[in-house]
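Notes for the one structure printed next.
Residue numbers (the numbering used here): 35 to 190.
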């Protein structure tokens with residue numbers, strides 16, 4: 035049996051510390067979906083952390099709750115059910131803390147590279163590299179579940 039070449043994420047969630055950032059990050063995810071970096075059927079969510087300094091564990095649990103709420107509603111349930119998580123591929127990306135002189139966060143730092151396979155020519159950010167690595171290199175062949183990744187790092 036041939037292994038799948040990519041993961042079709044059910045949900046991609048980007049967590050952030052501040053409510054002011056949520057709309058901007060949501061828009062950035064939607065731009066990548068329009069560029070066909072993210073499949074059209076993937077639910078995209080930018081989610082504010084429930085409290086300041088909640089940490090990545092608290093942000094992950096909050097992101098899972100929000101994903102379960104949206105997937106439950108999408109499936110026609112009137113209450114939140116964990117049943118919708120059993121067959122879902124969920125990617126949670128944490129924006130992490132703010133750094134001085136880093137106005138757009140590490141996720142949106144432009145990198146000195148290009149993606150020749152991209153359907154549209156655009157600047158390549160760390161987020162784009164993470165999406166590519168998680169979707170095409172690490173995730174293929176994995177069962178449904180949750181992947182959690184920090185956007186503070188560079189993967190290669």
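Even glycine gets a Cβ: it sits at the ideal position worked out from N, Cα and C. Note that the structure is a prediction, hence the values are computed from the model and not measured.
Distance, residue j Cα to residue i Cα
i: residue 171; j: residue 54; result: 33 Å
i: residue 113; j: residue 145; result: 43 Å
i: residue 155; j: residue 147; result: 11 Å
i: residue 89; j: residue 76; result: 26 Å
i: residue 47; j: residue 101; result: 8 Å
i: residue 35; j: residue 180; result: Note that residue 35 scores 49 on pLDDT, short of 50, meaning its location in the model is unreliable; the coordinates nonetheless yield the value given after this. Their Cα atoms are separated by approximately 24 Å.
i: residue 152; j: residue 71; result: 7 Å
Contact under 8 Å by Cβ, residue i with residue j
i: residue 42; j: residue 123; result: yes
i: residue 28; j: residue 165; result: The structure shown does not extend to residue 28, since the chain is modelled only from 35 through 190, so no value can be given for it.
i: residue 120; j: residue 73; result: no
i: residue 159; j: residue 143; result: yes
i: residue 169; j: residue 40; result: yes
i: residue 97; j: residue 126; result: yes
i: residue 118; j: residue 99; result: no
Cβ separation of residue i and residue j, assumed to be a contact under 8 Å, to the nearest whole Å
i: residue 50; j: residue 129; result: 4 Å
i: residue 58; j: residue 82; result: That pair is no contact at about 12 Å.
Assigned exposure category for residue i - 16 Cβ within 10 Å defines buried
i: residue 45; result: buried
i: residue 79; result: buried
i: residue 91; result: exposed
i: residue 140; result: buried
Opening and closing residue of the alpha helix (DSSP H) in which residue i lies
i: residue 115; result: Unbroken run through residue 115: none, as it is neither H nor E.
i: residue 163; result: 160 to 166
Extent of the continuous beta strand (DSSP E) to which residue i belongs
i: residue 80; result: 77 to 82
i: residue 65; result: Run containing residue 65: none in the beta strand (DSSP E); it sits in the alpha helix (DSSP H), 53 to 68.
i: residue 128; result: 123 to 128
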